[in-house]
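Chains H and G are the protein sequences, given in the same order. 1 is the number of the first residue of the first sequence in the numbering used here; add one for each residue after it. 115 is the number of the first residue of the second sequence in the numbering used here; add one for each residue after it. By construction, the Cβ of each residue, glycine as well, lies at the ideal position given by its N, Cα and C atoms. Bear in mind that the values here come from a model prediction, so they are computed numbers and not experimental data. Notes follow the structure.
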Amino acid sequence: ETGVTQTPRHLVMGMTNKKSLKCEQHLGHNAMYWYKQSAKKPLELMFVYNFKEQTENNSVPSRFSPECPNSSHLFLHLHTLQPEDSALYLCASSQSGTGVYGYTFGSGTRLTVV
Amino acid sequence: DQQVKQNSPSLSVQEGRISILNCDYTNSMFDYFLWYKKYPAEGPTFLISISSIKDKNEDGRFTVFLNKSAKHLSLHIVPSQPGDSAVYFCAASKGGSEKLVFGKGTKLTVNP
């Protein structure tokens, strides 16, 4: 596998469910990101991890809980979501210290909260 | 308040003609600008970028122009091809940051 892989591609969950989104990168990068794309809105940065340490939390509600066990894997744990959380969730990775050069996105997880 | 704005949600052009996608920004601290292309069911892919020390960058059919005084950049695609049909996102960053600030995107349709 190459690039940035996200699973699942699609997810439908109830408001009381708990689910997790997974992201894996095979690029040797050491920075990973979660972005959210809601309908008719720009992509919004949610979390940044550098060398497994969270360096940015962009005022994201606590019902979204990220986890970065190593530089290659990033999770987004979801619980008690609201219908307005339905969106495309994109993971990205880059080489820390190179700015936005080499930023690579995964294909995203389309989340629907019912 | 949106720092990166793409005011045209959609654009339709004929194959072979020029496509011009526009982007405005409000934060004068931004010093690096990128364009991403996104097909349905795929993540955004990098297309072309420009540093604030330049006013033009060209890569094949794609040229990005930057007007710092107007805080405006544009992406020109010449000639446009049906395979260019996608959503184009403008993004900006500042001071070597790894955080990207995106616009809402413009959906380009190139008609055969």
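Inset, instruction - With DSSP as the reference, please indicate the residues paired to N57 of chain H in a beta bridge. - result: H:F47
Inset, instruction - Pick out whichever of G:S165, G:D198 and G:L161 has its Cα sitting closest to the Cα of G210 of chain G. - result: G:S165
Inset, instruction - Would you grab the beta carbon distance between Y89 of chain H and K36 of chain H for me? Rounded to a whole angstrom, and I think it's under 8 Å. - result: 6 Å
Legend entry - Helix, strand or coil at P69 of chain H [DSSP, three-state]: strand
Inset, instruction - Would you mind telling me which residues of chain H sit closer than 8 Å to G197 of chain G, beta carbon to beta carbon, in chain order? - result: None at all; the shortest Cβ gap to chain H is about 18 Å.
Legend entry - Residue nearest to L135 of chain G in terms of C-alpha spacing, selected from G:K213, G:F144 and G:L180: G:L180
Inset, instruction - For S129 of chain H, decide whether its Cβ has a neighbour in chain G, counting only Cβ atoms nearer than 8 Å. - result: Since the first and last residues shown for chain H are 1 and 114, residue 129 of chain H lies out of range.
Inset, instruction - Thinking S258 of chain G and Y146 of chain G are a contact (beta carbons under 8 Å), I'd like their distance in whole angstroms, please. - result: With chain G represented from 115 up to 226, any question about residue 258 of chain G goes unanswered, as that position is not in the structure.
Legend entry - C-beta neighbour in chain H for L135 of chain G, strict 8 Å: no
Inset, instruction - Below 8 Å between beta carbons is the criterion; list the residues of the segment 52-75 of chain H that meet it against any residue of chain G, in chain order. - result: E56
Inset, instruction - Flag P42 of chain H as yes if its beta-carbon sits less than 8 Å from any beta-carbon of chain G, otherwise no. - result: yes
Inset, instruction - Tell me, to the nearest whole angstrom, how far the beta carbon of L189 of chain G is from that of Y103 of chain H; I am working on the premise that it is less than 8 Å. - result: In fact, because the Cβ distance is near 17 Å, the residues do not count as touching under 8 Å.
Legend entry - Contact set for S183 of chain G: own chain, Cβ-Cβ below 8 Å, skip 5 residues either direction: none
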